[in-house]
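K.L.:
Have a look at this one.
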Amino acid sequence: MRTKMIAGNWKMHHRPQEARAFVEELGRVLWARNELYGPLKEGVAEAVLFPTALSLAAVQDALGDLPVSLGAQNAHWEDHGAFTGEIGAPMLADFGCAYILIGHSERRHLFHETEVELARKLRAVLSTSARCLFCVGELLEEREAGKTHQVLERQLLGALEGVTIPDLTDRFAVAYEPVWAIGTGKTASDGDAEEGCGYIRHLVADRYGQETAQHLQVLYGGSVKPGNTAGLMVQGDIDGLLVGGASLEVPSFVGILEAALGILRP
């Protein structure tokens, strides 16, 4: 069975003091509730936090032995060099980031990161000990024009050029985030989310084979809340959730964890 993942992308929120307070409160909740702590400790499910670069140290320090992984929101494609304001993937991995997020829609559309640049970033992450969580998804106008599959194929397969099966199996996960559902309150229906995630798995199966595709973690992201978590997580091709706004407060993040882990219990 593929490991389930709940990932919180804090975007440009939570200064170091706020980030530390969040993790300390989260820790108190998890330590007190074995039905949440147990699956995370045993590796049945995984929780990941993606704070700002400035808050990485505070989160890492506060996590201690808590079974929650640390992730970075972005990385440069070069290991080092004259790139003012950037951070190389090896630096983030050496710091202790287990995951690095690449290709989020805000990076694509607000910062105009190209597919060529994102492919270079992906390969940079795969050269480290960190895993890459790679985001793909269509705009509203692309969806309405019936181009969702074309967009997913272009974004995913273009980035995977030259990536090997071992890397896909051990070092790579995908998040399907339809852009029209991010931060808008317009959550994709369970069926829409499952169809998008299923098509991503289909693309990987076509290129790398069914066995590789069946090992791939595919997450859904887009206005995820405690109330819609269970309906998403029971879908066969959805292995987890990339959570934005609802990951900023401990009660809502715990509510999502609770709903997601609840479906794993017999």
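Residues in the sequence shown are numbered consecutively from 1, following full-length UniProt numbering. For each residue, glycine too, the CB sits at the ideal point set by N, CA and C.
#1: To the nearest angstrom, report how far apart L264 and G81 are at their CA atoms.
#2: Put V234 into one of helix, strand or coil per three-state DSSP.
#3: Can you grab the Cα-Cα spacing for the pair L49 / N9, in whole Å?
#4: Using C-beta distances below 6 Å, list every residue in its chain close to L30, excluding the 5 sequence neighbours before and after it, in chain order.
#5: I'd like the list of long-range same chain contacts for W77, defined as Cβ closer than 6 Å, with 5 residues on each side in sequence excluded.
#6: If you drop the 5 nearest sequence neighbours on each side, which residues of the same chain put their C-beta closer than 6 Å to that of Q214?
#7: Okay, do the stretch 183 to 198 and the stretch 154 to 171 touch, 3+ Cβ pairs below 8 Å being the bar?
#8: In terms of alpha-carbon separation, which member of S105, L118 and R154 lies closest to P178?
#9: Spell out the partners DSSP gives H76 in its beta bridges.
#10: Suppose you measure from the CA of G64 to the CA of A53; what does that come to, to the nearest Å?
#11: Along the chain, which unbroken stretches of the beta strand (DSSP E) at least 3 residues long are found entirely within the stretch 168 to 200?
#12: Could you give the distance in angstroms between the alpha-carbon of F154 and the alpha-carbon of A58?
#13: Should K186 go down as buried or exposed, given a rule of 16 or more other Cβ atoms within 10 Å for buried?
#14: Using a Cβ-Cβ cut-off of 7 Å (strictly less than) and excluding sequence neighbours within five positions of D237, which residues of its own chain qualify?
#15: Among G85, E117, S55 and C135, which residue has its Cα nearest to the Cα of G96?
#16: Among the residues of its own chain, which have a CB less than 7 Å from the CB of A22, if the five just before and after it don't count?
#17: Sorted by chain position, which residues of the same chain lie with C-beta nearer than 7 Å to K41's C-beta, five sequence neighbours on each side aside?
#18: Which of the three DSSP states, helix, strand or coil, is assigned to K225?
#19: Who are the Cβ neighbours of A260 in its own chain at under 8 Å, not counting the five residues just before and after it?
#20: Count the other C-beta atoms from every protein chain shown that fall within 10 angstroms of the C-beta of E141, then say buried if there are 16 or more, exposed otherwise.
#21: Can you say whether N34 is buried or exposed, counting buried as having 16 or more other CB atoms within 10 angstroms of its CB?
#22: Within 10 angstroms of the Cβ of S247, are there 16 or more other Cβ atoms? Answer buried if so, exposed if not.
#23: Pull up the DSSP beta-bridge partners for residue 267, would you.
#24: What residues match up with V243 in a beta bridge as DSSP calls it?
#25: Can the beta-carbon of S127 be found closer than 9 Å to that of P166?
#26: By alpha-carbon positions, which one of I87, E144 and G137 ends up nearest to V151?
P.N.:
Considering the structure as presented:
#1: 45 Å
#2: coil
#3: 6 Å
#4: L36 and Y37
#5: R120, K121 and A124
#6: none
#7: no
#8: S105
#9: G88
#10: 18 Å
#11: 172 to 176
#12: With the sequence shown as reference, residue 154 is identified as Arg, and Phe is not the correct amino acid for it. Answer to the nearest angstrom: the Cα atoms are 37 Å apart.
#13: exposed
#14: E194, C197, G198, R201 and V218
#15: S55
#16: In the sequence as presented, Ala is not what sits at residue 22; that position holds Phe. Only H14 and V250 meet the Cβ criterion.
#17: P67
#18: coil
#19: K4, I6, A45, T229, A230, M233, G240 and L241
#20: exposed
#21: exposed
#22: buried
#23: Only positions 1 to 266 of the chain appear in the structure, and residue 267 is not among them; the question remains open.
#24: G8
#25: no
#26: G137
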